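Protein sequences appear in the order of chains A and S.
The first sequence runs contiguously to residue 774 in this note's numbering.
The second sequence runs contiguously to residue 1553 in this note's numbering.
For every residue, glycine included, the Cβ atom is placed at its ideal position computed from N, Cα and C.
Because the structure is a prediction, the values reported are computed rather than measured.
Down below is the structure, laid out as structure tokens.
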Amino acid sequence: MYPQFFFSVLFVLITFQANAQFIDGTVADQDGTPLENTHIQVKGQDLTTVSDSEGKFRLPISKLEKQNVVLIVSRIGYNTKSVDVDVEKAQDQSLTIALVKAVYESENIVVTATRTRRDIEEVGIPVSVVSDEEISRSGSMRLSDVLSEQTGMQIVNDHGTGIQVQGFDPDYTRIMIDGNPVIGRTAGTLDLSRISVRNVKQIEIVKGPSSALWGSDALAGVINVITQQSNDPFAAGLTTRYGTNSTLDLNGNVSYNTDSWNNNFSLNRNSSGGYSLNPESVSQTVPEYENYTFRYRTSLDLNDQLALEANVRYFNEMQQNQSSITEENGSARRLNSDQFREDFMATPSISYTPFDRLNIDLSWMSSFYKTDSELTFAGTGERYEQSVFNQYYNKPELQAGYRWDNKHHSILGAGFIFEELEAERYPSQPGFTTTFLFTQHSWTPGSNFELTGGLRFDGHSEYSSQISPKISSRYRPAEWIQFRASAGRGFKAPEFRQLFLDFTNATAGYSVYGSSTVVEGIQRQKEEGNISQILIPIEDLEEIKAESSWAVNFGFDVDPVEQVRVRFNLFHNDVSDLIETAPIAQKTNGQSVYTYFNLDEVYTQGAEVELRYQFRDNLTGSIGYQLLDARQRIERERTVQDDQGEVVQRTDVSYEPMFNRSRHSGNVKLFYDHKSGWGFNIRGTLRGQYGLYDSNGNGFVDSNEYEPGYTTWDLAVSREIVNKITFQAGADNILDYTDSNQSSLSGRLWYGQVAVDF
Amino acid sequence: MFNKYQTSLSLIIVSLALLVSACSDSTSGVEEPISEVEVQKVEDLEATGENGEYTFFSLRSGQEVAHGDSATTEWDVAFNGTTIRFNGGVSGPGDGGALLLDVPFDEVSTAPTEGYYTDTDDSLAVPTGGGNGWYTYTGRSNPPHAVLPIEDRTIVLETADGEHYAKLKIISYYKGNPDTSTDEFANLETRPDSKYYTFRYAVQMTEGLRELN
């Protein structure tokens, strides 16, 4: 959805007289700084000009067809405005036109791409934005609901609901709220259902490596949830939604604002009875849960130069499920599983603007993520197992931005990350420190060209340092087309679990060790007599390395006609040293001992196309498609025979398809709003065939190992009354598609919702 | 139990080509030996021995060999869990050995003359462990915790008497040779029992001949 991008505000100040045959004028910003390269068009006439380096422009009166004309004044990054001009009067004067910088409240301004507020049209890397309007019209509650409907994003379920971006597993996408990372991953997946999208302003999605700005984890991309910040003196809202599986979502928000002090509170309660896709299993596919999210965002302008801001978020959730274990005598015993988890994030910051061109931000992020899981025998209540996991994360950071002139802008930043863990799986209570430094420079010689380069250094207390460069560029040869190209490096430091895990599954009986704990772990298991065979000798193990990638993105936006936007992007990611688990020893109980290894190489490449069409003001449609080719390098030492039948060795290298990747995926959306207050939308998501079971154990997808693809359709109808009350009813997955391998697809979900704004 | 072994295919190939070449190449009066390859498929050979007891099998006779004959050269190959032993070295009194080829069963037409390993205390001729010998272990990928024979991997062996060559391909480690691409197999609760071997083999019944097709 790319509607008319610019709203307008304008000041016309009359100054002194000028030439009689021309209309002269100057374009400046609010502070009077002249604006070069501003586009001035006479409405209804094929007559345009561009302002010079002093912001001045000149239009010959002889070419004007009418007495009263309208000038359309536009510049990227500023609000466009129309200026009514009486030609007779104007020739005696010089016009001074002040443009107002495009405000952050516009959905077209993004921060994730460059760490500065920029118009989405102005950045050289592929960014897409999901607006609050689209979120609420789609009836989405959690971040996973929103992302599942975006082009090139695939929901995958592994210890939580994660997102696959450009063919990368969920581990490789950084999830942020207001620019700060969300912590707490299980088996690499950050469960997106932890994040409520109520009271969210927009969700920014950057694809391609962004480690040059954001550091580790931003290998496939970055998803940044920008929370709402009202500026009204007082505003409040209440939303209630109830649906299938006893799913209840209650949300309240209040904001109270003065000229200098903003306060935004929100509280969300979300619960569900869960559901089961496999009736034979005693465990529910998605357990019963109840969670709460509290958010508070405040900002205080002390004076023109100094502003304080703070964001606080707290989330907690209780999940209940059943499972069973088989005892030695062969009888099964029921277990009750209770899982509690909570996360907290507080980010106070100070913004200092000593003078116009310089801006300094100092922030501190403090965060924790805790889980407490308990298995008790059903009947007796006796405890079978309990595990506690606590993660702490602290990040002080300083960022300075300096605008040299209209053409050059730089940022420089530095900070530390302190991380610590407490869990029985990590008996040593490990912690490590990251020191980082980043810089970025943008050069904008004209409004149709920009070049941005960035570099980040991350020094780890445990590992060799990472240097992540990135360069991006955009070029707009004509008003209707813009090209984008970027190249950069991404990395993902080994996670805690990959280093320090010390875990034996009580139910299944397998063990997993991190690369730092595996030597001791194997030794201990050996002494306890649990090892039947060592598969890989300890002395052959190499120290684990950070996973890294090089990527290229190239694309363009085309507006063949005013109502149509076609967006195209080609991507290629070359990834090396991916970390995977593999068995290192076999246990006497038939299970294995696993540890982490750097898997040689993977590449993902593909193309993404998105077409948006504004049929009418109130009818918008879009189609998205992604072609994906994700392959891993398979090197096989083969023992074969020569012509005489004698044994010879040969090395075969091939790139083979990866599991759980669909070559084709796409979506279709249609949104309609009637002026009576009725709204309707239909959204379809298609997933092409994907490899699931490695039925021959060769490690890659063979042609007979594909599961069929599927399509899901969501519908929603809404009715708005006096701009205050909105009723919504809908059905997600209306064709009731279920697949026990897709645990997030629960079958058809009916819901009804009422939202009230005060 | 004999009904567990089905002789699905038993054929004798008389190598006409050899005969023809033997006749035309009549530099000596000695008659060339005739190739006689026996191909069999064995289904659900139980190798569940919980206390490490092996299931012994003779490729030459196509029969299971009684446990009491484990110290003889009656048997050629023995199974316990995922471990396969050959009658030689530390495993038995015979002269048997084996090697692994990454060649499809049907394409192994000739046994190599050398390169056979015998079982030792340090390593077995067909090593155990996922990816090392005849199988991969899927671990936590799908289907989880499964032992799946490596595609196109063929064991070539010498029988216990050291006189015959044979090739052997493990087809399944699960009872009933189930389809491993189903939800039923992926689910540990519904997966058939493991340690039941289904395999195909071809043995050259004529001493010293390397032909296996």
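Handout entry: Straight-line Cα distance separating S/G1402 from S/L1358
Key = With a pLDDT of 41 at S/L1358, under the threshold of 50, the modelled position of that residue is not reliable, and the figure given next carries that caveat. The straight-line gap from Cα to Cα measures roughly 26 Å.
Handout entry: At least 3 beta-carbon pairs within less than 8 Å: the segment 219–239 of chain A vs the segment 177–187 of chain A
Key = When Cβ pairs closer than 8 Å are counted between the two stretches, the segment 219–239 of chain A is seen to touch the segment 177–187 of chain A, the count reaching three or more.
Practice task
Please list the partners that S/A1442 has in chain A, where partner means a Cβ-to-Cβ separation under 9 Å.
Solution key: Per the sequence shown, the amino acid found at residue 1442 of chain S is Asp instead of Ala. The answer, in chain order, is R652, E653, R654, T655, V656, R666, D668.
Handout entry: Reference A/K105, options A/Q83, A/N95, A/T205, A/V89, closest by Cα
Key = Measuring from the Cα of A/K105, the nearest candidate turns out to be A/Q83.
Exercise for the section: Below 8 Å on the Cβ atoms is my guess for A/R649 versus A/E617; work out the distance and round it to an integer in Å. Expected result: With 8 Å as the limit, A/R649 and A/E617 qualify as a contact, their Cβ atoms being about 4 Å apart.
Practice task
Enumerate in chain order the residues of its own chain whose CB-to-CB distance from A/S287 is below 6 Å, with the five nearest sequence positions on each side excluded.
Solution key: Excluding five sequence positions before and after A/S287, the CB atoms of its chain that fall closer than 6 Å to its own CB belong to L264, E306, given in chain order.
Problem - Spatial distance of A/I179 from A/N273 (CA atoms) - result: Here the alpha carbon of A/I179 sits roughly 36 Å from the alpha carbon of A/N273.
Handout entry: Span of the beta strand (DSSP E) around A/W694
Key = In the DSSP annotation of this structure, the continuous segment of the beta strand (DSSP E) that includes A/W694 starts and ends at 694–703.
Handout entry: A/L63 versus A/L87, A/N319, A/P485, residue with shortest Cα-Cα distance
Key = The residue with the shortest Cα to Cα distance from A/L63 is A/L87.
Problem - Meets three-Cβ-pair contact criterion under 8 Å: the segment 1380–1396 of chain S and the segment 1414–1427 of chain S - result: Judged by Cβ distances under 8 Å, the segment 1380–1396 of chain S makes contact with the segment 1414–1427 of chain S, as three or more pairs qualify.
Exercise for the section: Decide yes or no for the touch test of the segment 1449–1456 of chain S against the segment 1476–1484 of chain S: beta carbon pairs closer than 8 Å, at least 3 of them. Expected result: Taking one beta carbon from each stretch, the segment 1449–1456 of chain S and the segment 1476–1484 of chain S have fewer than 3 pairs nearer than 8 Å; the two do not touch.
Handout entry: Sequence-distant residues of the same chain with beta carbon closer than 6 Å to A/V43, five excluded per side
Key = Excluding residues within five positions, the ones whose Cβ falls inside 6 Å are L51, T54, S67, G71, I113.
Handout entry: CB contact below 8 Å: A/Q602 versus chain S
Key = Residue-level contact check: A/Q602 touches chain S, since one or more beta carbons of chain S fall below 8 Å from its beta carbon.
Practice task
Leaving aside the five residues before and after S/V1405 along the sequence, list all residues of the same chain whose C-beta is less than 7 Å from its C-beta, in chain order.
Solution key: Closer than 7 Å at the Cβ level, and outside the excluded window around S/V1405, lie F1396, F1397, S1398, E1414, W1415.
Handout entry: Check whether A/A501 and A/S489 have beta carbons under 8 Å apart
Key = Yes, the Cβ-Cβ distance between A/A501 and A/S489 is below 8 Å.
Problem - Where S/S1375 meets chain A, residues with beta-carbon distance less than 7 Å - result: Within chain A, no residue comes near S/S1375; the closest Cβ sits about 14 Å away, beyond 7 Å.
Practice task
For the segment 1524–1542 of chain S, enumerate the residues whose C-beta is nearer than 9 Å to any C-beta of chain A, in chain order.
Solution key: With the criterion set as a beta carbon lying under 9 Å from some beta carbon of chain A, the members of the segment 1524–1542 of chain S are F1525, A1526, N1527, L1528, E1529, T1530, S1534, in sequence order.
Handout entry: Where the beta strand (DSSP E) through A/Q744 begins and ends
Key = Unbroken beta strand (DSSP E) run through A/Q744: 741–748.
Practice task
Kindly list the residues whose CB is nearer than 6 Å to the CB of A/N35, restricted to its own chain and excluding five residues on each side of it in sequence; keep chain order.
Solution key: Bear in mind that a pLDDT of 41 at A/N35, under 50, signals an unreliable position, so the number given afterwards is only what the model happens to contain. Scanning its chain for C-beta atoms nearer than 6 Å, with the 5 sequence neighbours on each side dropped, one finds no residue around A/N35.
Exercise for the section: Establish whether the CB of A/A598 and some CB of chain S are separated by less than 8 Å. Expected result: Yes, contact with chain S.
Exercise for the section: Report yes or no: do the segment 728–743 of chain A and the segment 686–700 of chain A share at least 3 C-beta pairs separated by less than 8 Å? Expected result: The segment 728–743 of chain A vs the segment 686–700 of chain A: in contact.
Practice task
Using a Cβ cut-off of 8 Å, pull out every chain S residue sitting near A/F8, in sequence order please.
Solution key: No information on residue 8 of chain A is available, as it lies outside the stretch 17 to 774 that chain A covers here.
Problem - Chain-ordered neighbours of A/G661 on chain S, where CB pairs are closer than 7 Å - result: T1450, A1451, P1452, R1550, listed in chain order.
Exercise for the section: Quick one: grab the DSSP three-state call for S/P1433. Expected result: Coil.
Exercise for the section: Compare the C-beta of A/N589 with all C-beta atoms of chain S and state if any pair is closer than 8 Å. Expected result: By the rule that beta-carbons nearer than 8 Å mark a contact, A/N589 does not touch chain S.
Handout entry: Simplified DSSP state of S/P1467, which is helix, strand or coil
Key = In this structure, DSSP gives S/P1467 a state outside helix and strand, which the three-state scheme calls coil.
Exercise for the section: Using a Cβ cut-off of 8 Å (strictly closer), state whether A/E555 contacts chain S. Expected result: Closer than 8 Å: no.
Handout entry: Residue from A/Y418, A/L453, A/G606, A/G695 whose Cα sits closest to the Cα of S/D1533
Key = The shortest C-alpha separation from S/D1533 is found at A/G606.
Problem - Boundaries (first-last residue) of the beta strand (DSSP E) holding A/D148 - result: For A/D148, there is no enclosing beta strand (DSSP E); the enclosing alpha helix (DSSP H) covers residues 148–153.
Practice task
Kindly indicate which three-state DSSP category A/G224 falls into: helix, strand or coil?
Solution key: Assigned with DSSP and collapsed to three states, A/G224 falls in coil, not helix or strand.
Exercise for the section: Keeping to the same chain, check which residues put their C-beta closer than 6 Å to that of S/G1434; ignore five residues upstream and five downstream. Expected result: The beta carbon of S/G1434 lies closer than 6 Å to those of T1413, N1427, G1428, A1500 in the same chain, with the five residues before and after it left out.
Problem - Where the alpha helix (DSSP H) containing A/K105 begins and where it ends - result: Counting along the chain, the unbroken alpha helix (DSSP H) around A/K105 starts and ends at 103–106.
Exercise for the section: For the alpha helix (DSSP H) holding A/S160, just list the boundary residues, first then last. Expected result: 159–163 is the span of the alpha helix (DSSP H), which, as asked, contains A/S160.
Handout entry: A/F499 and A/R472 closer than 8 Å at C-beta
Key = No, the Cβ-Cβ distance between A/F499 and A/R472 is not below 8 Å.
Practice task
With DSSP as the reference, please indicate the residues paired to A/V591 in a beta bridge.
Solution key: Under the DSSP definition of a beta bridge, A/V591 partners with A/S565, A/V618.
Problem - Test: S/T1499 CB closer than 8 Å to a CB of chain A - result: At a cut-off of 8 Å between beta carbons, S/T1499 makes no contact with chain A.
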